[in-house]
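Everything below concerns the one structure shown next.
2 protein chains.
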Amino acid sequence: MDRKPTMTDVARVAGVGTMTVSRVLNESAPVSAEAAGRVYRAIEKLGYRPNEMARALRGLKSRTIGIIVPYLYDSFFATIAHAINTVAKENGYSVILTTSNEDPDSEFAEAQLMLQRRVDGLIVIPADGHRSRLSRAEFDKTHIVTLDRPVQDRRFDTVLVHNQSGSKRAIQHLINEHGHRRVFFIGLNKQLYTVRARFEGYRRAMIEAGLQPELSFKCASQEETSAILADVIREKDPPTAFFCSNNLTTRYALRALLDLGVRVPEEVALIGFDDFEFAEVLHPTLTVVRQPVYEVGRVAAGLLFDRLKRDEFPTAGNKVVLPVELILRRSCGCRPRVRHPNA
Amino acid sequence: MDRKPTMTDVARVAGVGTMTVSRVLNESAPVSAEAAGRVYRAIEKLGYRPNEMARALRGLKSRTIGIIVPYLYDSFFATIAHAINTVAKENGYSVILTTSNEDPDSEFAEAQLMLQRRVDGLIVIPADGHRSRLSRAEFDKTHIVTLDRPVQDRRFDTVLVHNQSGSKRAIQHLINEHGHRRVFFIGLNKQLYTVRARFEGYRRAMIEAGLQPELSFKCASQEETSAILADVIREKDPPTAFFCSNNLTTRYALRALLDLGVRVPEEVALIGFDDFEFAEVLHPTLTVVRQPVYEVGRVAAGLLFDRLKRDEFPTAGNKVVLPVELILRRSCGCRPRVRHPNA
DNA sequence: CAATGTGATGTACACGTTTGCATCCAGTGC
DNA sequence: GCACTGGATGCAAACGTGTACATCACATTG
Chain A
0 MDRKPTMTDV
10 ARVAGVGTMT
20 VSRVLNESAP
30 VSAEAAGRVY
40 RAIEKLGYRP
50 NEMARALRGL
60 KSRTIGIIVP
70 YLYDSFFATI
80 AHAINTVAKE
90 NGYSVILTTS
100 NEDPDSEFAE
110 AQLMLQRRVD
120 GLIVIPADGH
130 RSRLSRAEFD
140 KTHIVTLDRP
150 VQDRRFDTVL
160 VHNQSGSKRA
170 IQHLINEHGH
180 RRVFFIGLNK
190 QLYTVRARFE
200 GYRRAMIEAG
210 LQPELSFKCA
220 SQEETSAILA
230 DVIREKDPPT
240 AFFCSNNLTT
250 RYALRALLDL
260 GVRVPEEVAL
270 IGFDDFEFAE
280 VLHPTLTVVR
290 QPVYEVGRVA
300 AGLLFDRLKR
310 DEFPTAGNKV
320 VLPVELILRR
330 SCGCRPRVRH
340 PNA
Chain B
0 MDRKPTMTDV
10 ARVAGVGTMT
20 VSRVLNESAP
30 VSAEAAGRVY
40 RAIEKLGYRP
50 NEMARALRGL
60 KSRTIGIIVP
70 YLYDSFFATI
80 AHAINTVAKE
90 NGYSVILTTS
100 NEDPDSEFAE
110 AQLMLQRRVD
120 GLIVIPADGH
130 RSRLSRAEFD
140 KTHIVTLDRP
150 VQDRRFDTVL
160 VHNQSGSKRA
170 IQHLINEHGH
180 RRVFFIGLNK
190 QLYTVRARFE
200 GYRRAMIEAG
210 LQPELSFKCA
220 SQEETSAILA
230 DVIREKDPPT
240 AFFCSNNLTT
250 RYALRALLDL
260 GVRVPEEVAL
270 IGFDDFEFAE
280 VLHPTLTVVR
290 QPVYEVGRVA
300 AGLLFDRLKR
310 DEFPTAGNKV
320 VLPVELILRR
330 SCGCRPRVRH
340 PNA
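Read top to bottom, the protein sequences are chains A and B.
Quick note: the first sequence uses numbering that gives the first Met the number 0, first residue 0, plus one each step.
Quick note: the second sequence uses numbering that gives the first Met the number 0, first residue 0, plus one each step.
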């Protein structure tokens with residue numbers, strides 16, 4: 000009476016064979032209403048729950064997918080995970096989640112572990128490495144969808160956003176609407192795909208306007224960012240606008256400007272990539288390129304479940320690129336209408 | 000040649016019995032160096048990985064724990080999840096993650112599902128309901144640790160923070176150091192344990208100072224918060240300080256004050272509960288009660304793995320309460336030294 | 001009526017692993 | 001030489017479920 004009740008227990012109590020129980024549970028074959036009733040009562044009485052381990056072992060699906068993200072405390076990744084989890088639930092799937100800490104080796108190891116756990120599919124935000132190890136033979140028979148950053152392997156489905164055109168548009172806004180000529184790009188990491196793509200958009204916008212691209216990638220910490228901005232601001236003809244490649248650099252830059260006593264947007268304009276909740280609370284409110292974070296996660300999960308349903312391994316995966324949106328607030332110099340509550 | 004290699008395959012290639020392979024993998028019994036070598040080579044050659052499903056089924060542990068959080072896009076919960084995942088990895092465990100959407104029924108259903116998946120233990124941030132369904136008989140033989148919010152069931156281990164004394168100290172700071180007499184408490188949800196506890200600290204501080212507690216709980220959206228603050232600010236003798244019960248209300252309140260054109264801290268002071276990354280970037284920088292979020296997750300995971308190692312079900316669980324810290328910045332009226340980078 | 005289908009059920013086995021138990025070999029003490 | 005230890009190994013069973021197959025009653029068809 001200690002162990003969890005099993006299908007055999009249910010069958011015994013209901014006075015039927017184990018198969019009848021199985022058939023009732025899965026509706027895999029017709030069962031007489033009378034027998035089904037007895038089975039249901041027995042299940043209720045014993046508090047029986049099928050053992051998913053055994054089900055998975057028997058060769059069906061584990062009804063589990065794996066997610067690998069670089070970090071979880073980043074709101075971008077957390078939102079992605081939330082979206083995927085929601086879709087997984089809708090499909091009756093569970094989610095095993097882990098982090099790669101932006102390390103390809105760790106990512107590979109975690110993916111292997113997930114395979115040992117026999118996940119039916121994998122959604123990965125590839126770690127920021129030159130080439131991922133996910134393409135290796137071990138994963139030949141695994142459905143993989145990548146996210147946010149592409150991977151060389153053409154077999155995977157991928158979901159991206161229009162990084163390049165998004166940042167290009169933001170820069171053009173600064174140049175055309177506000178007359179900026181020295182716009183400074185704040186990067187984070189030369190390797191990171193998203194940063195490279197966003198830089199490329201920036202670069203093209205500048206070149207097309209006949210301007211000189213200026214950039215810095217050494218902004219991985221508050222200290223580095225503060226030091227660089229302090230130098231740049233002191234030049235005799237300093238930049239009049241900054242473009243931050245992501246959330247993190249936006250925060251670092253704002254903090255640095257605050258410490259330096261440089262007023263935004265009066266003295267310099269600033270646009271960030273990726274919207275966040277406090278962007279509307281900051282003073283000034285922040286103009287950003289917004290990417291549809293939740294949607295990215297949802298679409299990626301959708302692609303994975305499509306694959307799982309078909310269960311075929313095409314030689315070329317789907318590639319979905321979602322649009323981004325320039326949200327004009329005050330930090331770029333615009334004066335959008337502020338909503339005043341009932342007053 | 001299509002299927003994943005199994006232990007039997009390895010045994011055949013290595014010219015040994017399956018048991019020798021198992022023993023090599025688990026080091027559960029002595030194996031001759033010569034045989035072990037052959038096994039290792041066979042594993043390497045075939046790319047064999049043990050099937051965790053089969054292992055779990057055979058009655059050992061699933062080496063998987065479950066986490067249930069209300070939401071994932073909240074940075075507090077995401078950080079908790081990250082901490083737990085990190086500790087789980089250290090212990091060779093995987094993590095199944097899901098969300099309850101703050102709904103006790105959903106929480107119960109998800110917990111059941113996790114049991115079907117045969118998790119070895121469960122870490123739950125109990126959904127905001129009067130009483131959780133986690134105490135029911137179904138979970139008698141499951142190791143459960145709760146987090147952030149307590150549960151009636153004394154058998155569970157629990158990790159909390161000093162909500163009450165933390166908010167009391169913040170209020171006392173406003174009263175004693177800055178001379179405030181009308182301090183307004185901004186709640187969120189009467190049910191939510193953390194909000195109630197923080198309110199109680201506020202109430203006691205006010206009473207002890209001979210002041211009148213004033214509060215509002217109808218601040219679950221930006222609109223509600225804005226409307227209430229607009230009313231309150233227009234009173235003939237308006238509050239001179241606000242205390243926000245959590246991250247979300249802090250954001251709503253700041254936004255409302257910004258829209259109303261009320262300057263912080265010149266016209267009103269503000270302290271929030273729970274620190275966040277943008278608190279130092281806001282203008283003014285934000286005074287907050289900081290709770291050790293990551294640590295809460297780490298400790299909870301530690302408690303769970305202690306239980307798993309012992310594998311006993313005590314009648315009374317451990318209760319750990321971690322300290323919080325008042326971080327003085329500018330929004331309360333203090334003028335902390337600002338660090339100016341190399342200048 | 002024999003042949004054939006169809007619905008409802010049970011029996012055996014397989015999934016891949018680990019746990020008992022049995023086995024085998026070598027060395028030791030008498 | 002014999003029984004005994006003890007290390008190294010294999011065999012069968014079991015974990016809980018689903019698939020394949022067999023069975024059986026009964027209805028349908030010619």
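Ideal placement from N, C-alpha and C gives every residue a C-beta, glycine not left out.
For residue i, which option in the options has the closest C-alpha, if you only look at C-alpha atoms?
i, options, result
"Gly332/B", "Ala268/B, Met6/B and Asn317/B", "Ala268/B"
"Asp119/A", "Phe304/A, Val319/A and Thr314/A", "Phe304/A"
"Val288/A", "Gly271/A, Thr85/A, Ala299/A and Phe76/A", "Gly271/A"
"Arg11/B", "Tyr39/B, Phe275/B and Glu51/B", "Tyr39/B"
"Arg130/B", "His142/B, Asp147/B, Gln151/B and Ile124/B", "Gln151/B"
"Leu159/B", "Asn188/B, Tyr251/B, Ala169/B and Val123/B", "Val123/B"
"Asp127/B", "Thr85/B, Tyr70/B and Pro103/B", "Pro103/B"
"Asp147/B", "Arg309/B, Val292/B and Leu302/B", "Val292/B"
"Leu210/A", "Arg180/A, Asn25/A and Lys3/A", "Arg180/A"
"Tyr201/A", "Ser105/A, Ile170/A and Glu26/A", "Ile170/A"
"Ile64/B", "Leu228/B, Thr141/B and Asp73/B", "Thr141/B"
"Pro49/A", "Leu302/B, Glu51/B and Leu56/B", "Leu56/B"
"Ile79/A", "Val295/A, Phe312/A and Val319/A", "Val295/A"
"Ser225/A", "Val261/A, Leu191/A and Ala208/A", "Val261/A"
"Ile83/A", "Gly316/A, Ala299/A, Val320/A and Phe312/A", "Ala299/A"
"Gln290/B", "Lys217/B, Ser164/B and Glu234/B", "Ser164/B"
"Pro322/A", "Arg168/A, Gly91/A and Arg117/A", "Arg168/A"
"Met205/B", "Ile174/B, Ala219/B and Arg195/B", "Ile174/B"
"Leu302/B", "Ser31/B, Tyr251/B and Asn90/B", "Asn90/B"
"Ala136/A", "Gln111/A, Glu199/A and His172/A", "Gln111/A"
"Gln221/A", "Ala208/A, Glu199/A, Asp258/A and Lys189/A", "Asp258/A"
"Tyr92/B", "Pro335/A, Lys88/A and Met113/A", "Met113/A"
"Thr85/B", "Phe75/A, Val94/A and Ser105/A", "Ser105/A"
Which residue marks the beginning of the beta strand (DSSP E) containing residue i, and which one marks its end?
i, result
"Arg289/A", "Thr286 to Arg289"
"Glu43/B", "It is not in any beta strand (DSSP E) - Glu43/B instead sits in the alpha helix (DSSP H) that spans Ala32 to Leu45."
"Glu213/A", "Glu213 to Ser215"
"Val94/A", "Ser93 to Thr98"
Going by DSSP, what residues sit across from residue i in a beta bridge?
i, result
"Leu121/A", "Gly65/A and Ile143/A"
"Val182/B", "Ala240/B"
"Leu159/B", "Val320/B"
"Ile326/A", "Val287/A"
Suppose the cutoff is 6 Å on Cβ atoms and the five residues either side in sequence are ignored; what does the same chain contact list for residue i look like?
i, result
"Met0/A", "Annotation note: pLDDT 42 at Met0/A (below 50); position unreliable, no value reported."
"Ala28/A", "Arg22"
"Arg197/A", "Asn162, Ser166, Ser244 and Phe272"
"Thr145/B", "Val123, Pro125, Phe155 and Thr157"
"Ser134/B", "Asp152"
"Ala13/A", "Arg37, Val38 and Ala41"
Terminal residues of the continuous alpha helix (DSSP H) containing residue i?
i, result
"Ile206/B", "Tyr192 to Glu207"
"Asp8/B", "Met6 to Ala13"
"Phe272/A", "Where Phe272/A is concerned, there is no enclosing alpha helix (DSSP H), although the beta strand (DSSP E) it sits in stretches over Ala268 to Phe272."
"Val280/B", "Unbroken run through Val280/B: none, as it is neither H nor E."
"Val231/B", "Gln221 to Arg233"
"Thr248/B", "Asn246 to Leu259"
"Leu114/B", "Pro103 to Gln115"
"His81/A", "Ser74 to Glu89"
"Val292/A", "Val292 to Arg309"
"Glu51/B", "Glu51 to Leu56"
Please go through the same chain and pick out, in chain order, the residues whose beta-carbon is closer than 8 Å to the beta-carbon of residue i, but skip the five residues on each side of it.
i, result
"Val263/B", "Leu253, Leu256, Leu269, Pro283 and Ser330"
"Phe183/A", "Glu213, Leu214, Ser215, Val231, Pro238, Ala240, Phe241 and Phe242"
"Thr5/A", "Tyr47 and Asn50"
"Leu187/A", "Val194, Phe216, Cys218, Ala219, Ser244, Asn245, Leu247 and Thr248"
Less than 7 Å between C-beta atoms, sequence neighbours within five positions excluded: which residues of the same chain meet that for residue i?
i, result
"Lys60/A", "Asp119"
"Val9/A", "Val20, Val38, Ala41, Ile42, Leu45 and Tyr47"
"Glu109/B", "Ile67, Thr97 and Ser99"
"Ala34/B", "Val15 and Thr19"
"His339/B", "Here the model assigns His339/B a pLDDT of 48, short of 50, so the residue's position is not dependable and the matter cannot be decided."
"His172/B", "Leu325 and Cys331"
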